[in-house]
Amino acid sequence: MSPLDRSPVQSPSKDRPPVATAIVDIAKLPPAATAQRDCSICNGTGIEFRSENELSVARRCRCVPECPRCLDSGTVTALVNGEVRTGRCRCQRPIDRARLYSAAQIPGRYTQATLESYTQGLLQHAPENMGVLEEVSRWMSDWRVGQENRGLIVWGPVGRGKTHLLVAIVRDLILRHGVPARFVEFTRLLGQLKSGYSEGRSGNAIIDPLIQIPVLAIDELGKGRLTDWELTIIDEIISRRYNALACTLGSTNFRPEVATGAAPANAALVDINPQTLGDRVGDRVLSRLQEMCDFVELAGIDFRTIEQ
């Protein structure tokens, strides 16, 4: 007999319950760990949000205890209808959602941007515009995981909360459905693409991630100088997502109409910009967007005047 065979049996730790060696029926396992309903940090969601390095990030809230179902291993093995199955523990949902949220690259300024906060702003300052939320709510109720989903673009003058609403929609899709998403600001996206090309990266390496992500949200669509190269890039992104049946979201200061040839104006100084979205991104891209997306107008009060 080897020394290992003669080793004494150790008693279970007092700090942790013994791990069962036999596989039991899943109905006999303890429930997975959940967040405290009265937690002031996560409000019972199990996810806390913060701004870090200019981006909004998330993590599982500290109020969630060690999981008695999987002992924080993340996986559970049990009998399901008499068969041994191994799967991800339910306690991992806040962790998975937090990772997806952090990967979306939402600006840190909008860490607190939710549908609830947008609703409160409308109720307090512009209750006549609540119909906008009804349109958005109908769109979101029709959204289905694993199916073709129409996109959504909010448009209107500056200061109406378009970016706030766009972020809130992305946040809800991630947390409710667990769908991967990416948030990009239009001019910053073009700058990143230009830098990538100058560094010698291939076009596919730069653009493919924007095509493959299930939900892409483009803020300030049509903003900037828009050179021929930039117009070609946005045409490629929209056309490829159109062909891939991918869900595209966006916001823009420009009316979703065909090009008029009007001269540009400072969108920060005028409520009605003479240029259209067709003027800014081209009628071909506009046509694709109109086929892919629903358009919702945000009018009413300029929230910047309230903040001042």
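The sequence shown maps to residues 13 to 320 in our numbering. Where a beta carbon is used, it is the ideal one built from N, C-alpha and C, also for glycine. Predicted, not measured: the structure shown is a model, and the values here were computed from it.
Using the beta-carbon count (16 or more within 10 Å), is residue i buried or exposed?
i	result
Leu-135	exposed
Trp-241	exposed
Thr-272	exposed
Pro-106	buried
Leu-261	buried
Met-304	buried
Gln-124	exposed
Ala-256	exposed
Ser-183	One detail in the question is off: residue 183 reads as Arg in this sequence, not Ser. Label assigned to Arg-183: buried.
Lys-174	buried
Gly-99	exposed
Gly-163	buried
Gly-234	buried
Ala-217	exposed
Gln-132	exposed
Ala-34	exposed
Val-36	exposed
Leu-16	Low per-residue confidence applies at Leu-16: pLDDT is 31, beneath 50, and the placement is therefore not dependable, though the value from the model is reported in the following sentence. Leu-16 is exposed by the Cβ-count criterion.
Gly-294	buried
Ala-47	buried
Arg-72	buried
Arg-159	Per the sequence presented here, residue 159 reads as Gln, with Arg not at that position. Gln-159 comes out exposed.
Arg-253	buried
Ser-207	exposed
Do residue i and residue j have their C-beta atoms closer together than 8 Å?
i	j	result
Ser-129	Ala-70	no
Leu-67	Gly-120	yes
Phe-198	Glu-232	yes
Ile-249	Leu-289	no
Glu-78	Ala-45	yes
Cys-54	Arg-81	no
Gln-302	Pro-276	no
Ser-263	Leu-178	yes
Val-88	Leu-41	yes
Gly-190	Asp-108	yes
Ala-229	Ala-193	yes
Cys-76	Gly-58	Contrary to the premise, residue 76 reads as Val rather than Cys in this sequence. In contact: Val-76 and Gly-58 (Cβ atoms closer than 8 Å).
Can you tell me the Cα-Cα spacing of residue i and residue j, whole angstroms?
i	j	result
Gly-8	Gly-312	Since the first residue shown for the chain is 13 and the last is 320, residue 8 is missing from the structure and cannot be characterised.
Trp-167	Val-308	6 Å
Asn-65	Arg-292	31 Å
Ile-245	Asp-220	12 Å
Ser-52	Leu-127	19 Å
Ile-165	Gly-215	26 Å
Cys-259	Ser-251	12 Å
Ser-149	Leu-185	12 Å
Arg-300	Ser-85	46 Å
Pro-226	His-176	21 Å
Leu-83	Glu-60	21 Å
Asp-314	Arg-74	38 Å
Ser-25	Arg-62	Summary for Ser-25: the model assigns pLDDT 42, below 50, so the residue's position carries little reliability, and this model does not support an answer.
Met-142	Leu-205	37 Å
Val-297	Arg-316	30 Å
Cys-101	Ala-39	14 Å
Can you find a C-beta in chain B that's less than 8 Å from the C-beta of residue i?
i	result
Asn-55	Among the chains of the structure shown, chain B does not appear; only one protein chain is present.
Check: Are at least three pairs of beta-carbons, each pair with one atom in the region 77 to 97 and one in the region 154 to 174, less than 8 Å apart?
Finding: no
Check: What residue ranges within the region 231 to 281 form continuous beta strand (DSSP E) runs of no fewer than 3 residues, ordered along the chain?
Finding: 259 to 264
Margin query: Which runs of the beta strand (DSSP E) at least 3 residues long sit entirely within the region 70 to 148? Give them in chain order.
Written below: 87 to 92, 95 to 100
Notebook entry, point to check: Which runs of the beta strand (DSSP E) fall wholly inside the region 173 to 224 and span at least 3 residues, in chain order?
Noted result: 193 to 197
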